[in-house]
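Residue numbers (the UniProt record's numbering), protein chains in the order written: chain A, 1 to 715; chain B, 1 to 715.
Every residue, glycine too, gets a C-beta built ideally from N, C-alpha and C.
The structure displayed is predicted, hence computed values, not measured ones.
What follows is a short report on a single structure.
Dropping the structure here:
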């Protein structure tokens, strides 16, 4: 790729970014777009719809940038929770790393690379006509002593990243503990989920749970709530809600109340009556279904068991309860509103098998995805494209078009295809047996991350063939050598990728294209403007892997092609401002994992470092500087040892809280007068929402009767 | 190797075995050998030394075989503990597997192999002149349909082994739980070891421990015992004991009492006085050292913390105590007499680093060991030997000598070199940071096992070059193909290995050559026949890997060279009788892990199965039966899934006992009147033996003062 092609791409994307910023600055001030751009403020009642029109609404103003910039970490913590803080810290962490690497890269490595004459001399007269490869390590001749600059850079950046990783892990651990100390008593701190409950003949799950915990945890056991099979009930409730909404809509609308629908065969009937009758039917069904569900026969072998103290719950979670470790399997309960009810498969074997199936599905998906990657590969190699489609030849000779195609289109296609990956991965995670949204997203985040690394990085680097990739993995000895050949060759593609995918994704995140279009489409059909506003939650499994992947690109390419770093820094600055703005205006936290996403970030960074070091070994071998390649060897070993140490030092705190902390919190609660009330609420906190009383029609009182069986009342 | 060479080897070894059996039958009846052959019975007082001479003593009698055979599992459990039962079950397990495989191998596969004509036809007239390879799978021509017999055998044996593994794991788990229920209260059930105790300025470790556990485990905490640095003390006590022994010996011997030693310069002095004075000096030193050691300055940041209930101890063990997971690190306490005091390194980092160092040392040792393996390789290839040492040519032409050299010498050399491996591995494990003999032996057992597999199996198969081995490991894709070529080629070596190494080791285990020779040497110098008899413990880390390695050989070779199976069965039968006899007469249990060795056995078997399946894939590919090699592929996947299931289903019970079991036992104790006394003993159970009062000279009363500080007295 020539410098000019890159410049084209930079130009297009800068233009797009500016356009998005301006459009955003204007559109966000229009009351009709409040649902899209400030749903959070609306829902919290902090922003009223201004109906009056004034000119100010049409002039773009950058005030929001200032507000986002000024937001302090404590404010973010109090409004969006620790997860948002961790997310923002990933960006600041990357900024620090790439500022450091950028200084080295731009001021030391880039000039060194330019002095090489392996490819050909730089044409300073017409800079844009130079190949981007001239600025990469490929331009240095073999055995050049100047490669020691790269060697030092590899050591320096590794040390810096490791130091920062340690510091961040420590900081976030402290934040996590502090957060735990500062929260009010919450149901999930006192509760565990027990699965694979064995039931003896003639007794219900509820009785088994009661008997077991009264026997083995008599002093701390509080109550339990058995999970029921409610998928049918849930769909009924969904139907009822939909009908109810339509009915109230009809009743409230004076124009439509008298409207009589003309049926297919010309029969006329009152629509309100019709819906009313239908709703009553469904309610009747609901009643029947509920009485059925509450029977022991519909119990799933799983229950939420609550304890009187956090420590009691933690002890029950940490200890293996039964002689058979596949029975009475305990895990920490999620927050009540975080529970994912639809998939509550109970048996140990079933969950284990579904996990294996999901792994196989992921592998299959990864292989399938190589098809679009191959197409993209074809586009970057214009010559091949001309061979495949000869009729394109005439168009491709136009410089601008060919530059757009090589510089912009490939990344755009990849970007579009990548859009569908997070939802698929989320779906796969949801059938894997996780019981809460946060775990599903965490698992999906991991899946998307590895999928991206594999399918964008490795597939692009190793030019796409599955078999070729697999054959490389199966010959670990050759990995560094092959990486050394293949990775620098793709430098220009990835620089362009950062510009297109990174910049575009950041600004489209700000502009919220899809919600915006969706709201435009929906507006004519939506009737009542005062519908409940749905405040979205940030999809960590979509955004975190993207940032981490750019981190991987930056770390692996910083010494190969330092030119990538300025573009990366621009992306990170954009992301910094935009995500902060979105946390203020758009996203509300749906759950709180208290920083459990950080270990994913840490692992990803360690992987990036080791990959970079492997490439360094290969490069120095390739450039016939064998002393340097030997001296790089200790680096991955040290990095992995560092990682191992961090796993021992910090990771346990991200899995469960230590005894010290739990007991301290429990002691504080002892003098709290509100605890009685909390315990009362705790008993019903994990009631399945499908079993909660709902009332639609006035003559359906019986639905209000609470469906809590005697056994589930607080013991 | 020719059949005749094998027969020579079989002949020599059968002869040796018979000789050992006869010698053993006679020698064990001589009172002077009681310490060697029935130390356990002697120590237990079950056998008196008969001084009278009678002819019966000189006639070999097989009565011991009958006694060993008749020993029931319950008897073994009560006399030698669960570990011995598990050890014997490894042998019976192997017997079952190889009986099943033997029936298939000898009656189906062996005839099938003989029908092949790949090498050349079998010379039925002179069987002993046939190459052993004629009986292996190598004799079958490529693409032969008869290979499906081997294919079915692989599936059948895998299924059978997995079934047996499941059954055994379940059985031993049940035994383990039953054993726990049947034992009396034991100190280690109520105690945990806490390491990396942080000490605030101005307070001692003891105070820190007290404060911490009183705060966080107020209801269950009983007492604690801080570990002191006693290595100097230990060596002093050792010296004192030696001197004391010599002194009492001099005093009791009427001939030597008046003996006056003539010094180097002709000076005469009373030896008794001399030793007495020396002993008093040492005692003085001991006193000084003890008062120093009991100071807080000599405290190690580690303590044994005892609880009032088993469940209390288990909770403290399972929970992460401190916010910093590298502090207050808890682990289960070993039995008091099992504690390994010399290496009590306390800091988390130090232990972690020593572990890494030990791993590196193991790798280094493994590489170093390839030298003897290479020598052995040279011996099996006589031609090469002739090239290296031309002067041997004349000797090597003598058939018998060449047969001894190819059939017997190589395995013998390996055997001798292998003798030194277990002690080295035990030493390495002991500096790795384990704090009890049982853990050290368990770790050494693992090390010896993998060392054996790597250095005997893979080094022999891949003809010894480290670099070649490593290059194979680094190309996992080619492993099956290379195994398929190399493994069958070494069939005759391993058949000979089973005969020489296996049979000899079993019979020398019976005859106890080294202790016997040692007792012969020592006898003239040993004065008093009523010295304390040291009852040895079975070195699991020496014997278990050997049996497991034969298991690996059997499983990998059963379908390649079924001829190995009869020899293996003979070995296992010998081992069955001999080890049972040794458990009755020789070995007393030194500790009780309650079956914790079984997971090692399970893993080793799973590894053997997967290795066998990989070879099968390679062989079927090599023999151009690609359908079969494809169909074998699911087998390792299924085997590993099975292993994963077993890990989840059974392994947790081998790490710690579940809450259910612990609480039941605690309840039973509540009504036990002897518990008061037990608690009193528990407080001092983990006193360092070096700090226990010992008295040598009558004027050293002050040594008797117990050295327990106030803080360590039961709270």
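Backbone CA spacing between residue 678 (chain B) and residue 309 (chain B) [nearest angstrom]: Position 678 of the second chain, counted from the first residue, corresponds to residue 678 (chain B). Position 309 of the second chain, counted from the first residue, corresponds to residue 309 (chain B). For residue 678 (chain B) and residue 309 (chain B), the distance between alpha carbons rounds to 12 Å.
Terminal residues of the beta strand (DSSP E) in which residue 191 (chain A) lies: Here the question's residue 191 (chain A) lines up with position 191 in the first chain. From DSSP, the beta strand (DSSP E) with residue 191 (chain A) extends over 191–195.
8 Å contact criterion, which residue 300 (chain A) and residue 228 (chain A) should meet: CB distance rounded: By one-based count along the first chain, residue 300 (chain A) stands at place 300. By one-based count along the first chain, residue 228 (chain A) stands at place 228. Their Cβ separation, rounded to whole angstroms, is 6 Å, which keeps residue 300 (chain A) and residue 228 (chain A) in contact under 8 Å.
According to DSSP, residues forming a beta bridge with residue 331 (chain B): For the purposes of this step, residue 331 (chain B) is taken as residue 331 along the second chain, with counting starting at 1. DSSP output for residue 331 (chain B) lists B:193 as bridge partner(s).
Entirely enclosed alpha helix (DSSP H) segments - the stretch 414–442 of chain A, minimum 4 residues: 421–430
Straight-line gap, residue 632 (chain B) to residue 617 (chain B) (C-alpha atoms, nearest Å): Locating residue 632 (chain B) in the second chain gives position 632, where the first residue counts as 1. Locating residue 617 (chain B) in the second chain gives position 617, where the first residue counts as 1. In a straight line, the C-alpha of residue 632 (chain B) is about 6 Å away from that of residue 617 (chain B).
8 Å Cβ cutoff, residue 166 (chain B) in contact with chain A: Along the second chain, one-based indexing puts residue 166 (chain B) at 166. It does not; no Cβ of chain A falls within 8 Å.
Contact set for residue 567 (chain B): own chain, Cβ-Cβ below 7 Å, skip 5 residues either direction: If you number the second chain from 1, residue 567 (chain B) lands on position 567. Hits under 7 Å: 495, 498 and 499.
Assigned exposure category for residue 395 (chain A) - 16 Cβ within 10 Å defines buried: If you number the first chain from 1, residue 395 (chain A) lands on position 395. Under this definition residue 395 (chain A) is an exposed residue.
Proximal chain B residues relative to residue 322 (chain A), where beta-carbon distance stays under 7 Å: Taking the first residue of the first chain as position 1, residue 322 (chain A) is located at position 322. Here the neighbours are 658 and 660.
Nearest-angstrom Cα separation, counted from residue 414 (chain B) out to residue 13 (chain B): On the second chain, position 13 is the one that residue 13 (chain B) refers to. On the second chain, position 414 is the one that residue 414 (chain B) refers to. For residue 13 (chain B) and residue 414 (chain B), the distance between alpha carbons rounds to 16 Å.
Element boundaries [beta strand (DSSP E), containing residue 221 (chain B)]: Residue numbering aside, residue 221 (chain B) sits at position 221 when the second chain is read from its first letter. 221–228 is the extent of the beta strand (DSSP E) around residue 221 (chain B).
Below-8 Å beta-carbon distance, residue 636 (chain A) vs any chain B residue: Residue mapping note: residue 636 (chain A) aligns to position 636 of the first chain, counting from 1. No, because no Cβ of chain B sits closer than 8 Å to the Cβ of residue 636 (chain A).
Proximity winner among B:549, B:520 and B:539, relative to residue 502 (chain B) (alpha-carbon distances): Here residue 502 (chain B) refers to the residue found at position 502 of the second chain. The shortest C-alpha separation from residue 502 (chain B) is found at B:549.
Outcome for residue 20 (chain A) when other beta-carbon atoms lying within 10 angstroms are tallied against a minimum of 16: Residue mapping note: residue 20 (chain A) aligns to position 20 of the first chain, counting from 1. By the 10 Å Cβ count, residue 20 (chain A) comes out buried.
Supposed close pair residue 135 (chain B), residue 114 (chain B) - CB separation, criterion 8 Å: On the second chain, residue 135 (chain B) is found 135 positions in, with the first residue counted as 1. On the second chain, residue 114 (chain B) is found 114 positions in, with the first residue counted as 1. Confirmed, Cβ separation roughly 6 Å.
Chain A contact residues for residue 318 (chain B), given Cβ-Cβ distances below 7 Å: Taking the first residue of the second chain as 1, we reach residue 318 (chain B) at position 318. By Cβ distance, chain A contributes 318 and 319.
Contact between the stretch 62–79 of chain B and the stretch 557–565 of chain B (3+ Cβ pairs under 8 Å): no
Same chain only: Cβ atoms within 6 Å of residue 95 (chain A), ignoring 5 sequence neighbours per side: Residue mapping note: residue 95 (chain A) aligns to position 95 of the first chain, counting from 1. Taken in chain order, the residues that qualify are 572.
Nearest candidate by alpha-carbon position, reference residue 145 (chain A), set A:291, A:171 and A:112: Here residue 145 (chain A) corresponds to residue number 145 of the first chain, with the count starting at 1. Of the candidates A:291, A:171 and A:112, the one whose C-alpha sits nearest the C-alpha of residue 145 (chain A) is A:112.
Contact with chain B by residue 199 (chain A), beta-carbon distance below 8 Å: Looking up residue 199 (chain A) in the first chain gives position 199. No - not a single Cβ of chain B is within 8 Å of the one on residue 199 (chain A).
8 Å Cβ cutoff, residue 653 (chain A) in contact with chain B: The count along the first chain starts at 1 and reaches residue 653 (chain A) at position 653. Yes, residue 653 (chain A) lies at the interface with chain B (some Cβ there is under 8 Å from its Cβ).
Alpha-carbon spacing of residue 328 (chain A) relative to residue 610 (chain A), whole angstroms: In the first chain, the residue the question calls residue 328 (chain A) occupies position 328. In the first chain, the residue the question calls residue 610 (chain A) occupies position 610. Using only the alpha carbons, I get a separation of about 40 Å.
Identity of the residues DSSP links to residue 299 (chain A) by a beta bridge: Taking the first residue of the first chain as 1, we reach residue 299 (chain A) at position 299. BP columns for residue 299 (chain A) point to A:228.
Rounded separation between residue 321 (chain B) and residue 656 (chain B) - CA only: By 1-based counting over the second chain, the position of residue 321 (chain B) is 321. By 1-based counting over the second chain, the position of residue 656 (chain B) is 656. In a straight line, the C-alpha of residue 321 (chain B) is about 17 Å away from that of residue 656 (chain B).
Cβ pair residue 191 (chain B), residue 306 (chain B) closer than 8 Å: Counting from one through the second chain, the residue named residue 191 (chain B) turns up at place 191. Counting from one through the second chain, the residue named residue 306 (chain B) turns up at place 306. Cβ distance < 8 Å, so residue 191 (chain B) and residue 306 (chain B) count as in contact.
Beta-ladder partner(s) of residue 307 (chain A), from DSSP: Locating residue 307 (chain A) in the first chain gives position 307, counting from the first residue. In DSSP, residue 307 (chain A) forms a bridge with A:221.
Below-8 Å beta-carbon distance, residue 305 (chain A) vs any chain B residue: Position 305 of the first chain, counted from the start, is the residue given in the question as residue 305 (chain A). Taking Cβ atoms only, chain B never reaches closer than 8 Å to residue 305 (chain A), which makes this a no.
Helix, strand or coil at residue 339 (chain A) according to DSSP, with G and I counted as helix: The count along the first chain starts at 1 and reaches residue 339 (chain A) at position 339. Of the three classes helix, strand and coil, the one that applies to residue 339 (chain A) here is strand, per DSSP.
Identity of the residue in A:4, A:101 and A:586 nearest residue 131 (chain A) by Cα: Locating residue 131 (chain A) in the first chain gives position 131, where the first residue counts as 1. Measuring from the Cα of residue 131 (chain A), the nearest candidate turns out to be A:4.
The stretch 530–544 of chain A / the stretch 33–42 of chain A touching (three or more Cβ pairs under 8 Å): yes
Buried versus exposed, by CB contacts within 10 Å (16 or more), residue 54 (chain B): Mapped onto the second chain, residue 54 (chain B) falls at position 54. Looking at its Cβ environment, which holds fewer than 16 other Cβ atoms inside 10 Å, residue 54 (chain B) is exposed.
Residue 131 (chain B) - partner residues in DSSP beta bridges: Indexing the second chain from 1 puts residue 131 (chain B) at position 131. Residue 131 (chain B) is bridged to B:2.
Pick from A:361, A:156 and A:195 that is closest to residue 109 (chain A), judged by C-alpha positions: Within the first chain, numbered from 1, the residue matching residue 109 (chain A) stands at position 109. Among A:361, A:156 and A:195, the Cα nearest to that of residue 109 (chain A) is on A:156.
Best match in A:622, A:641 and A:582 for proximity to residue 79 (chain A) [C-alpha to C-alpha]: As a position in the first chain, residue 79 (chain A) is number 79, starting the count at 1. Nearest option by C-alpha distance: A:582.
Same chain, Cβ closer than 6 Å to residue 291 (chain B), five either side skipped, listed in chain order: Translated into the one-based positions of the second chain, residue 291 (chain B) becomes position 291. Correct list: empty, nothing qualifies.
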